[in-house]
Amino acid sequence: MFGVLTLALGALVFLTWQVLAARADDSADEELTHEANKFRAFAASPAAASFQRPEDLLDRWLQSNLPDDSEALFTIVNGNPYHRSQGSPPARLDTDTAFVRHLAGAKEPAYGWIDSTAGRVRYGVLPVRIGAQPVRAQLVVLEFRDLIAQPSMDAARALVIIAALTLVLAAGASWLVTGRVLAPIRQLRTTAERISETDLRRRIDVVGNDDVAHLARTFNTMLDRLEDAFVAQREFVDNAGHELRTPITVIRGHLELMGDDPRDRAETKALVLDELARMNRMVDDLLVLAKSDRPGFLELGEVNLTELVVEVVAKARPLAERAWRVAATADATIVADGQRLTQTLMQLVSNAVRHTKTDDRIEVGSYVDADGSVLLWVADSGPGVPPEDRERIFERFARGTAQRRTEGAGLGLAIVRSIARAHGGDVRLAAGPGARFELTLPRGVEAE
Ligand SMILES: Nc1ncnc2c1ncn2[C@@H]1O[C@H](COP(=O)(O)OP(=O)(O)OP(=O)(O)O)[C@@H](O)[C@H]1O
Ligand SMILES: [Mg+2]
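Residues -21 to -1, 1 to 427, numbered by mature numbering (1 follows the signal peptide of the UniProt record, and there is no 0), are exactly what the sequence shown covers, in order.
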């Protein structure tokens, strides 16, 4: 950044310098042309007609013409320097014999550049001829370019100094400002480095109300969420481990105590297989739960609500002898994951079977609201859910208070809820009598 600034200022100064130098050359040229024209006008005037000798005409010109500070005139007669203009020139060139000899040969006006002790000089030599006489006298006009350029060069030098000063000031200021801005960010970084996966409790001190404070606050909120997620995950693993340990203990106990009696062995085998099946189901359920908040969990397709409900009842009928009913169904097709919806309804149906007796009523139904949202429900005429259980039954591993261990792991409703939420909907327990679980799906369900 600083380098770029230096480069830009350097380029600016260099360009300015070049432009000024070119302009100084031009103005030296202009001055020279101007002087030459003035002299030509004088030589052509009637006042000049009276001179017989060129040196007289030149003397007259030198007397009547006062050069600028950056100018000088001298005359050459018969190849030698003759007279100089009034005042002292910035540098003497009439004493340069080689130069004078070179100029003395000029029969036509000529121009050129020469170096002097006062810098570069633009010169012009104008030969003077009177009548038909041969040329033997010249007027030499000298324009000291560096003196002409002096004021603008001074300005350029001032520019360079100002640019350098600005650069130094800007560097100092940006150093101070970035230091102040970066200090809180540095603190943020060190805190972030100290936070490890095992200790997510650290937070960043938020001071003030600026952008950095905002960043720190956002960072803290992110940490809150991360900590929640870690705690939830740990709980999940703890619960799962605990729940899986029970059947393992049961299986091991039975196998250890198993005798040689064939009837005893057969009984133990049946029990062990049963426990293993339960474990298998639990692991499957846990996998569904773990997958449910990942992208790609749902495989969306078109689902006809009537077909869905009829199919669920058909599948459920052989499970137990109940008064099965297809309640009102909406003849609508929605975009959803048909298999997951069937899985959801089957969970609710198996709960209903477990909490009802022969000939109790179990009904499954669907309904599309005026705003397009969908309602799917499973209701039974069983005892319903006691008020103290209404909230917690949806949590993982939460069974009803009056439940026996062997009846289920308590994962069914948790799965129902995560499938509903993956669809952007939810599940709720409607008011009794009996139990009525309602699944709500928003209109035009879309994948998360
Ligand atoms: N239809 C119902 N009638 C009365 N209580 C119910 C009904 N459905 C669920 N419950 C209560 O909610 C609790 C949680 O149900 P959930 O389906 O989550 O677990 P589960 O059925 O016990 O076990 P799993 O489904 O894992 O085999 C049940 O233990 C039961 O107490
Ligand atoms: Mg269940």
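Glycine residues also receive a C-beta, built at the ideal position from the N, C-alpha and C atoms. Just so it is clear, the structure is predicted and the values come from calculations on it, not from any experiment.
Buried versus exposed, by CB contacts within 10 Å (16 or more), residue i
i, result
"L390", "buried"
"F(-20)", "exposed"
"E222", "buried"
"I55", "buried"
"P106", "buried"
"G280", "exposed"
"V357", "buried"
"E122", "buried"
"L(-10)", "exposed"
"V(-3)", "exposed"
"L284", "buried"
"E367", "exposed"
"W40", "buried"
"S345", "buried"
"T74", "exposed"
"H334", "buried"
"H193", "exposed"
"N330", "buried"
"A399", "buried"
"E425", "For E425, the predicted structure reports a pLDDT of 43, less than 50, and the residue's modelled location is therefore unreliable. A value from the coordinates is still provided. E425 should be labelled exposed."
beta-carbon residue i near ligand 2 non-hydrogen atom, thresh 6 angstroms
i, result
"G387", "yes"
"G363", "no"
"N330", "yes"
"G403", "no"
"G280", "no"
"G391", "yes"
Where residue i falls: helix, strand or coil (DSSP)
i, result
"A85", "coil"
"H221", "helix"
"D405", "strand"
"I141", "helix"
"E300", "coil"
"L418", "strand"
"A306", "coil"
"A426", "Caution applies to A426, whose pLDDT of 38 falls short of 50 and renders its modelled position unreliable; the value that the coordinates give is listed next. Correct three-state label for A426: coil."
"P60", "strand"
"L105", "strand"
"F(-8)", "helix"
"N188", "coil"
"Q112", "coil"
"Q31", "coil"
"T157", "helix"
"I227", "helix"
"G232", "helix"
"I93", "strand"
"A388", "coil"
"L277", "coil"
"Q117", "strand"
"R340", "strand"
"R378", "coil"
"N199", "helix"
Cβ-heavy atom distance, residue i to ligand 1, below 6 angstroms
i, result
"L167", "no"
"I398", "no"
"G351", "no"
"R378", "yes"
"A410", "no"
"I341", "no"
"A299", "no"
"A302", "no"
"A414", "yes"
"D253", "no"
"H334", "yes"
"D359", "yes"
"I372", "yes"
Candidates the options, of which the one nearest residue i by Cα
i, options, result
"A388", "R378, A399, R396, V107", "R378"
"A1", "S271, A302, M132", "M132"
"V104", "T380, A256, L194, V119", "V119"
"D5", "R99, T225, A(-14), K17", "R99"
"M201", "R181, V291, L41", "R181"
"L52", "D316, R63, P25", "R63"
"G351", "V343, T380, D359, I313", "I313"
"V139", "T(-16), G238, A23", "T(-16)"
"Q112", "A331, K86, I93", "K86"
"E370", "A306, I394, L408", "L408"
"T76", "D38, P60, H233", "P60"
"Q65", "G84, N44, F18", "N44"
"D359", "V343, D348, V347, T308", "V343"
"P365", "H402, G413, T337, M325", "G413"
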